[in-house]
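The sequence shown runs 675 to 1028 under my numbering.
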Amino acid sequence: ALASRHEQVAAALRADLSAGNEMTQFTAAGILASGGLADDSVVAVLSRRMNGEFNPASLGETAHLLLKAGQQNSRAVAVLGDALTNSHPNVRNAAAMALGRLEKPSRTILNGLLETLKDPDESVRSTSLASLRKVGLQDPRLIDALSALTIDSVETIGEEALNALTVLLKPKAERDLLAMLAHPLSGHRTAAVHTLALRDSLDPETVQKIERMKSGEERPWVRLAAWEAGMLIRERHYKLSTADRLRQRADSLFQAADYAAAGQFYARAAGILTGQEYRYTTRSDSLQAGLASFQEARCAARLEQGNRAIIPGLQQALRLNPPLGDTLRAETGRPGHDWGKLLDAPAFREMVGK
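Written as structure tokens, this is what we have:
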């Protein structure tokens, strides 16, 4: 009886798709799409709404329903793909935003999003860039498209494109990035410089090449990137050397059983490696900062300070350097370890799996 009732409701809704006013049709289509009943007649109503409405909120709702419908009917996703070329920027923007939520977009959809990176409307370019980053596209054409966007007339879009390029280029070997410094497209050169500056370490030859680009590069925006890269490299060198000196001092104080002073130096080292005064933190920085925080917590434990002083430091250490969790579990499995005072704390037992 219940199934029969559902069938009756669905039949009534389908009747509304071709009867009544536009709002009645849209409401019926939305209910059917949300209920997994999106046949071609539902998609047709949503398509008319998508291409005949210019209000951003309404377009967003329609695009969402088309995504829902696309789970049962691929024509709904095709409607969104076609909307990328609509004459109204609000329609293109809503379509680009919705398509970024697809788990596995087709080649046709990806091609459409790549094309909208050249859209005359800045909001559409920005949304398309965000959507392509969400779907994780790995395509040589994306590198070229993002390269062109790095000099977009809208500064924030250029910055977004540069950040996206850096993510794409990050896995590349240093020699490949070094070769990109001579690429004919200035966006590639800019991104290569930016990516190299974020490496844990660089060959001296690479650093010298970046230094020469400060004056030898013909494009002013690439020269600016080289100057910024040089600053980042110098900051990183200073950060690492300062943190290293602090850790050495902390280790010396720890060996001398001056745990209060050692803890302070470990805390300063961790703060420098992850502090806000520096503009980026690499994975190596995080691992080293985690180790310093771990030793800071050990100092607090040896001083028999309370849980409130020790557990937050340990939690930070394991967040920055997850392998330290194995170290902690191994230590607590041996007699006479440093962490005995914490064994009654639920948060600590959770960390060590006891």
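Beta carbons are placed, not taken as given, at the ideal position from N, Cα and C, and that holds for glycine. Bear in mind that the values here come from a model prediction, so they are computed numbers and not experimental data.
C-beta atoms of residue 816 and residue 788 nearer than 8 Å: Residue 816 places its beta carbon less than 8 Å from that of residue 788.
Backbone CA spacing between residue 858 and residue 896 [nearest angstrom]: For residue 858 and residue 896, the gap between their C-alpha atoms comes out near 12 Å.
C-alpha gap between residue 796 and residue 827, whole angstroms: Their backbone Cα atoms lie some 9 Å apart in a straight line.
Three-state secondary structure (DSSP) of residue 794: Residue state, collapsed to three classes: coil.
Inter-residue Cα distance where the pair is residue 728 and residue 734: Going by the C-alpha atoms only, they are around 10 Å apart.
Residues of its chain near residue 1019, where Cβ-Cβ distance is below 8 Å and the 5 sequence neighbours each way are ignored: So the list reads 981 and 985, once near-sequence residues are dropped.
Residue 712 vs residue 724 beta-carbon contact at 8 Å: Not a contact, by the Cβ cut-off of 8 Å.
Extent of the continuous alpha helix (DSSP H) to which residue 825 belongs: For residue 825, no alpha helix (DSSP H) run applies, since DSSP gives it neither H nor E.
Residue ranges of each alpha helix (DSSP H) within the segment 835-866, 4 or longer: You should have 848-854.
Among 714, 765 and 719, the one whose alpha carbon lies nearest that of residue 730: Checking every option, the nearest Cα to that of residue 730 belongs to 765.
8 Å Cβ cutoff met for residue 799 and residue 831: Yes, these two residues count as a Cβ contact at 8 Å.
Rounded Cβ spacing between residue 928 and residue 936 (contact assumed at less than 8 Å): Cβ atoms of residue 928 and residue 936 come within 8 Å of each other, at about 4 Å.
Pair within 8 Å by beta-carbon distance, residue 822 and residue 774: 8 Å or more divides the Cβ of residue 822 from the Cβ of residue 774.
Test item: CB-CB of residue 988 and residue 971 under 8 Å: For the pair residue 988 and residue 971, the CB atoms are nearer than the 8 Å cut-off.
Residues near residue 704 by beta carbon distance below 7 Å, same chain, minus five either side: Sequence-distant Cβ neighbours of residue 704 in its own chain, meaning closer than 7 Å and more than five residues away, are 739.
Pairwise C-alpha distance: residue 771 and residue 708: Roughly 19 Å separates the two Cα atoms.
CA-to-CA distance, residue 748 to residue 682, given in whole angstroms: So the two alpha carbons sit approximately 26 Å from each other.
Minimum C-alpha distance to residue 888 - residue among 905, 877 and 874: For residue 888, the nearest C-alpha among the options comes from 905.
Outcome for residue 911 when other beta-carbon atoms lying within 10 angstroms are tallied against a minimum of 16: Under this definition residue 911 is an exposed residue.
As assigned by DSSP and simplified to three states, the class of residue 676: Annotation note: pLDDT 47 at residue 676 (below 50); position unreliable, coordinate value reported separately. Reduced to three states, the DSSP call for residue 676 is helix.
Distance, residue 750 Cα to residue 777 Cα: Spanning the two alpha carbons is a distance of roughly 15 Å.
Boundaries (first-last residue) of the alpha helix (DSSP H) holding residue 911: Unbroken alpha helix (DSSP H) run through residue 911: 894-929.
C-alpha distance - residue 825 paired with residue 966, whole-angstrom precision: Roughly 41 Å between the two C-alpha positions.
Rounded straight-line distance, which links the Cα of residue 959 to that of residue 898: Residue 898 and residue 959 have their alpha carbons spaced roughly 26 Å apart.
Rounded straight-line distance, which links the Cα of residue 834 to that of residue 794: Taking the straight line joining both Cα atoms gives about 17 Å.
Cβ-based neighbour list, residue 998, same chain, cut-off 8 Å, excluding 5 preceding and 5 following: So the list reads 964, 965, 968, 991 and 992, once near-sequence residues are dropped.
Inter-residue Cα distance where the pair is residue 726 and residue 691: Computed Cα separation, rounded: 16 Å.
Closest residue to residue 925 among 973, 685 and 791 (Cα-Cα distance): Closest in alpha carbon position to residue 925, among 973, 685 and 791, is 973.
Neighbourhood of residue 976 by C-beta, 7 Å cutoff - its chain only, sequence neighbours within 5 removed: So the qualifying residues of the chain are 933 and 1012.
N- and C-terminal bounds of the alpha helix (DSSP H) containing residue 977: Careful: residue 977 lies outside any alpha helix (DSSP H) and carries neither H nor E.
Distance CB(residue 684)-CB(residue 717) smaller than 8 Å: Going by C-beta atoms, residue 684 is not nearer than 8 Å to residue 717.
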